[in-house]
Amino acid sequence: MSPPEGPPSRTPSVDTDALARPAFLPDPDRSRGEMESLQRELAAAATFADDLGFDPGAVAIDEPADLSTGLPPARPEPLGDIETPDGDADSDAPVVVGIDQAFRPERDEAISAAVAIRGGRVVEYAEAVTPLSIPYIPGLLAFREGEPVLAVLEDLSVTPDLLVCDGSGRIHFRQAGIATHVGVIRDLPSVGVAKSLLCGEPDEPVGERPEGWSTPIRADDSVERVGGGEPPNADPDADSPVIGHAYQSRQYPNSRRVNPLYVSPGHRVSAGTAVDLVAALCAGYKLPEPTRLADAHADRVKRRLDAEE
DNA sequence: GCGACAG
DNA sequence: ATCTTGTCGC
Numbered sequence: 001m002s003p004p005e006g007p008p009s010r011t012p013s014v015d016t017d018a019l020a021r022p023a024f025l026p027d028p029d030r031s032r033g034e035m036e037s038l039q040r041e042l043a044a045a046a047t048f049a050d051d052l053g054f055d056p057g058a059v060a061i062d063e064p065a066d067l068s069t070g071l072p073p074a075r076p077e078p079l080g081d082i083e084t085p086d087g088d089a090d091s092d093a094p095v096v097v098g099i100d101q102a103f104r105p106e107r108d109e110a111i112s113a114a115v116a117i118r119g120g121r122v123v124e125y126a127e128a129v130t131p132l133s134i135p136y137i138p139g140l141l142a143f144r145e146g147e148p149v150l151a152v153l154e155d156l157s158v159t160p161d162l163l164v165c166d167g168s169g170r171i172h173f174r175q176a177g178i179a180t181h182v183g184v185i186r187d188l189p190s191v192g193v194a195k196s197l198l199c200g201e202p203d204e205p206v207g208e209r210p211e212g213w214s215t216p217i218r219a220d221d222s223v224e225r226v227g228g229g230e231p232p233n234a235d236p237d238a239d240s241p242v243i244g245h246a247y248q249s250r251q252y253p254n255s256r257r258v259n260p261l262y263v264s265p266g267h268r269v270s271a272g273t274a275v276d277l278v279a280a281l282c283a284g285y286k287l288p289e290p291t292r293l294a295d296a297h298a299d300r301v302k303r304r305l306d307a308e309e
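Position 49, counted from 1, in the first sequence is what the UniProt record's numbering calls 49; the numbers after and before it change by one each time, with no gaps.
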């Protein structure tokens, strides 16, 4: 008999304490098979159902940041909400943290950047530099970049309500892309935003689509099924699980076409809500603001480092 | 064996 | 991801 499906519980199935954490971090001596096994554990511990404390509308951003004059200054808000000035509300809005990486190939270093946004405003910037111990291998990205991502999150003083990671979450061979990897280890709601598709199949062809358009991405044969055993050879097409969506965040009127974003649940978010969240976080550019700002911050830090040498 | 493959 | 100038088009 299959176990009853209770409401999403908040008891992490994977130890997230300091002792268990290293097991999911990069280790040059670990075999590919061992890393894949760890990903299966993470996928089993992940929750691909909504378990956030807010609606997508609560994180909506309508004004894109102006990057032409550099990044906007961080405006940390006073701690206690005591004496809330009528000027700036949103001191209770969810904190969305965008994360992105830059690299210094010649030094084998990764620069991880995080930007915390609340109520549409930058509240904090953080960065971390870590050595790269593992090469990039499709499907094992988190073992290369997960370390720097977790490092920068440690440096952040605010508590994230949502993580927006660069790369896939559930759209992954073992349904444990970097967004899922990081989300489960920190037990935080997370979504993955990728610029290209790792695996899975779109319901509809991704051609020139209008802004706001989206289509489900379903698991294909390259995606291992997780959780309740489902018939090995079920209908190949129809009821394959939806592991994410292609989302057209931007489109130009006439000229060149823009490729869609590939959005997928990381942890504690459903596939549908993940797209809604990303849609709410986009403010006119292809990338959602948290990612766009984290990307710019990573470049800024990289140039600073390159300059002082 | 061939093809596919986030950043 | 990174190495890199100009260039096509609104």
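We treat Cβ as the ideally placed atom computed from N, Cα and C, and that holds for glycine.
Skipping 5 residues on each side, what residues in its chain have a beta carbon closer than 7 Å to that of Glu124? Ala74, Pro76, Ala116, Leu156, Ser157 and Val158
Less than 9 Å separating the beta-carbons of Glu147 and Ser168? No Cβ-Cβ contact shorter than 9 Å links Glu147 with Ser168.
Between the Cα of Gly266 and the Cα atoms of Gln248, Ile185 and Asp29, which residue gives the shortest distance? Ile185
Considering Cα atoms alone, identify which of Val301, Val258 and Asp299 is closest to Tyr285. Val258
Counting pairs of Cβ atoms below 8 Å between the region 289–301 and the region 267–277, do you hit three or more? In short, these stretches do not touch, since the Cβ pair count stays below three.
Please work out which residues of its chain come closer than 7 Å, Cβ to Cβ, to Lys302, disregarding the five sequence neighbours upstream and downstream, and give them in chain order. Ala102, Arg104 and Ile111
Can you tell me the Cβ-Cβ gap for Ala151 and Ala179, rounded? I've got them flagged as a contact below 8 Å. Not a contact, Cβ separation roughly 17 Å.
What are the start and end residues of the beta strand (DSSP E) that includes Asp276? Note, Asp276: premise wrong, no beta strand (DSSP E); alpha helix (DSSP H) at Ala271 to Leu281.
Can you give me the C-alpha to C-alpha distance between Ser68 and Arg300, rounded to a whole angstrom? 13 Å
Buried or exposed: which applies to Ala194, given that a residue is buried once 16 or more other Cβ atoms fall within 10 Å of its Cβ? buried
Proximity to Thr130 [Cα-Cα], best of Gly139, Glu154 and Pro138: Glu154
DSSP state of Gln175 mapped onto helix, strand, coil: coil
Count the other CB atoms, across all protein chains shown, that sit within 10 Å of the CB of Glu309; report buried if there are 16 or more and exposed otherwise. Taking all protein chains in view, the Cβ of Glu309 is surrounded by fewer than 16 other Cβ atoms within 10 Å, so the residue is classified as exposed.
State the Cα-Cα distance for the pair His245 and Phe143, rounded to the nearest angstrom. 24 Å
Under three-state DSSP, which class holds Pro28? coil
Look at the alpha carbon of Ala176 and the alpha carbon of Leu25, and state the distance between them as a whole number of angstroms. So the two alpha carbons sit approximately 14 Å from each other.
Kindly indicate the opening and closing residues of the beta strand (DSSP E) around Arg121. Arg121 to Pro131
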